[in-house]
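Numbering (the working numbering), first residue to last: 780 to 910. Quick reminder that beta carbons are idealized off the backbone N, C-alpha and C, glycines included. To keep things clear, I will list the structure first and then write my remarks on it.
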């Protein structure tokens, strides 16, 4: 079985822990205010011939870290060098949240960008061209 590490990052309150809970069938606390996740959460997903070590990291705005939570996220990305980094961006604040994705893309090309809250954006008349 091939083992890979996938880090899930994004700005605070973008949906990282919700995604983590869905994928791992976990019960990480999820709230509607930023700063709920203050340490990394880890889970294992078995998919086909893969064992995925999924890591839900505290919210971060960029690789320049100021708070303890941001340092936890930055250090994991820089020192642990995960196989894949999933950067979640909020469709309601897309321009602001894309800066983190650009920071990460400057460091590695092993990135998946996920767009969250698309249903909320559509209900507010915001339409995103994913092409």
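Option in the options with minimal Cα separation from residue i
{"i": "residue 864", "options": "893, 845, 873", "result": "893"}
{"i": "residue 886", "options": "860, 902, 874, 908", "result": "860"}
{"i": "residue 838", "options": "862, 827, 858, 866", "result": "866"}
{"i": "residue 858", "options": "876, 782, 880, 842", "result": "842"}
{"i": "residue 803", "options": "826, 902, 874", "result": "826"}
{"i": "residue 862", "options": "800, 833, 805", "result": "833"}
{"i": "residue 783", "options": "829, 800, 902, 874", "result": "829"}
{"i": "residue 849", "options": "831, 872, 790", "result": "790"}
{"i": "residue 781", "options": "831, 835, 910", "result": "831"}
Own chain residues within Cβ distance below 8 angstroms of residue i, not counting five before or after
{"i": "residue 870", "result": "894, 895, 896, 897, 899, 900, 905, 907"}
Whole-Å CB distance - residue i paired with residue j, under 8 angstroms assumed
{"i": "residue 856", "j": "residue 788", "result": "7 angstroms"}
{"i": "residue 868", "j": "residue 793", "result": "7 angstroms"}
{"i": "residue 890", "j": "residue 884", "result": "6 angstroms"}
{"i": "residue 840", "j": "residue 879", "result": "6 angstroms"}
Contact with chain B by residue i, beta-carbon distance below 9 angstroms
{"i": "residue 902", "result": "Structure shown: chain B not included; a single protein chain is present."}
Cβ-based neighbour list, residue i, same chain, cut-off 6 angstroms, excluding 5 preceding and 5 following
{"i": "residue 816", "result": "The predicted model places residue 816 with a pLDDT of 47, which falls under 50 and marks its position as unreliable; any figure quoted below should be read in that light. Cβ neighbours of residue 816 beyond the five flanking positions: 796, 837."}
{"i": "residue 846", "result": "none"}
Residues near residue i in its chain [Cβ-Cβ closer than 7 angstroms; skip 5 each side]
{"i": "residue 810", "result": "Bear in mind that a pLDDT of 46 at residue 810, under 50, signals an unreliable position, so the number given afterwards is only what the model happens to contain. Contacts found: none."}
{"i": "residue 882", "result": "841, 842"}
Those residues which DSSP pairs with residue i across a bridge
{"i": "residue 784", "result": "832"}
{"i": "residue 821", "result": "834"}
{"i": "residue 893", "result": "867"}
| message | For the pair the stretch 820-838 and the stretch 889-905, tell me if three or more CB-CB distances fall below 8 angstroms. | response | no
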